[in-house]
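K.L.:
Quick one: the structure is below, and I'll ask about it shortly.
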Amino acid sequence: MNIRVMKFGGTSLRSEVTRKYAYRHILEAGKYGKVVMVVSAMGRYPDAYATDTLLSMACDSLSKEEKARLVSIGEQVASLKVCSELLEMGICAYAMSFMETGILTDEQYEYANVLELHKESIIKRLKQYDVVIVPGFLGVSKQGRITTLGRGGSDFSAVLFADMLELKEVEIYTDVDGVYDSDPKLHEFALRYDHLSYDEMLNMKSRVLHDRCVEYAKQHHIEICLKGTFSKGAGTLISS
């Protein structure tokens, strides 16, 4: 089975217009095999289901476990919304729940450590559907409680799914078409890197990718291709 793991960030999923760009990439990839689409919560604060918006609803007395349940709503809504729109487009799609995805963690609710990966459920769904949408950022403890993987956790999720499925590459789509030497939104002449090593990416202290994602990819020899949702460019390849 030819499978691609493609992760889309919150700004890529913010609106009906931005999601159409994401779906173009999914449709193109779907010509060549199955797709695992990893999604973040839609938008950024103060968008309704963005992580920070959901967190702003919680008082300080709410426990970490309760906050994890609260912020998990963002990714769950995103996966179901995306699935609904793909189905309307005639795509054979399915949205997995966090309980099905196979990422087992400890109970460090805000920054859970991954203990085990189980691929049986996602393989079953990939045999049934062309596009399987999975909520990023989320895991489940062995006691069945929802956990989160920390800030940038959807990037980390994407690499975990690639490892789970024994793939050597993952595609991560953002509103910027790669890694630059400075913020391209602020600097007109910012230069994009075609290729970076894992260590170079980590040393940049960039907010484009979470360190946990890059470190795991390095340990498991998984290449990360960082691309722009609104671009057809090659992006930046991060590898050894």
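Using my numbering, the first residue of the sequence shown is number 1, and each one after it goes up by one. Backbone N, C-alpha and C fix where the C-beta goes; we use that ideal spot for every residue, glycine too.
(1) Identify whether Phe98 lies in helix, strand or coil by the three-state DSSP scheme.
(2) Assuming contact is defined by CB atoms lying nearer than 8 Å, are Leu104 and Val140 in contact in what I supplied?
(3) Who are the near neighbours of Tyr216 in its chain, counting only those whose CB is closer than 8 Å to its CB and skipping five residues on each side?
(4) Report the rounded CA-to-CA distance for Val170 versus Lys34, giving the unit in angstroms.
(5) Helix, strand or coil, according to DSSP, for Ser157 in the structure here?
(6) In three-state DSSP terms, what is Ser197?
(7) Run through the stretch 9–65 for me and flag every whole alpha helix (DSSP H) of 4 or more residues, listed as ranges in chain order.
(8) Run the CB neighbour count on Ala41, radius 10 Å, all protein chains shown included, and call it buried at 16 or more, exposed below.
(9) In its own chain, which residues sit with a C-beta less than 7 Å from the C-beta of Gly10, not counting the 5 before and 5 after it?
(10) Mind checking whether the beta-carbon of Arg24 lies closer than 7 Å to any heavy atom of the ligand FAD?
(11) State whether the stretch 144–151 contacts the stretch 185–205, with contact taken as three or more CB pairs (one from each stretch) at a distance under 8 Å.
(12) Using C-beta distances below 6 Å, list every residue in its chain close to Tyr94, excluding the 5 sequence neighbours before and after it, in chain order.
P.N.:
Judging by the given coordinates:
(1) The residue given as residue 98 occupies position 98 in the sequence shown. Phe98 sits in coil when the DSSP states are folded into three classes, being neither helix nor strand.
(2) By 1-based counting over the sequence shown, the position of residue 104 is 104. By 1-based counting over the sequence shown, the position of residue 140 is 140. Closer than 8 Å, so yes.
(3) Translated into positions along the sequence shown, residue 216 becomes position 216. These residues qualify, in order along the chain: Phe156, Val159, Leu160, Asp163, Ile222.
(4) Counted from its first residue, the sequence shown places residue 170 at position 170. Counted from its first residue, the sequence shown places residue 34 at position 34. Between Val170 and Lys34, the C-alpha separation is close to 13 Å.
(5) Residue 157 sits at position 157 when you count from the first residue of the sequence shown. In the structure shown, the three-state DSSP call for Ser157 is helix.
(6) Reading the sequence shown from its first residue, position 197 is the one you call residue 197. In the three-state DSSP reduction, Ser197 falls in the strand class (E or B).
(7) The alpha helix (DSSP H) runs of length 4 or more contained entirely in the stretch 9–65 are, from start to end of the chain, 16–30, 51–55.
(8) Residue 41 sits at position 41 when you count from the first residue of the sequence shown. Its Cβ being crowded by 16 or more others within 10 Å, Ala41 is buried.
(9) Working through the sequence shown from its first residue, we reach residue 10 at position 10. Contacts found: Ser40, Ala41, Met42, Gly43, Arg44, Ala50.
(10) Summarising the ligand content, the structure contains no ligands, and the ligand FAD is consequently not present.
(11) Taking one beta carbon from each stretch, the stretch 144–151 and the stretch 185–205 have fewer than 3 pairs nearer than 8 Å; the two do not touch.
(12) The sequence position of residue 94 within the sequence shown is 94, counting from 1. Within the same chain, Tyr94 has close Cβ partners Arg125, Tyr129, Val132.
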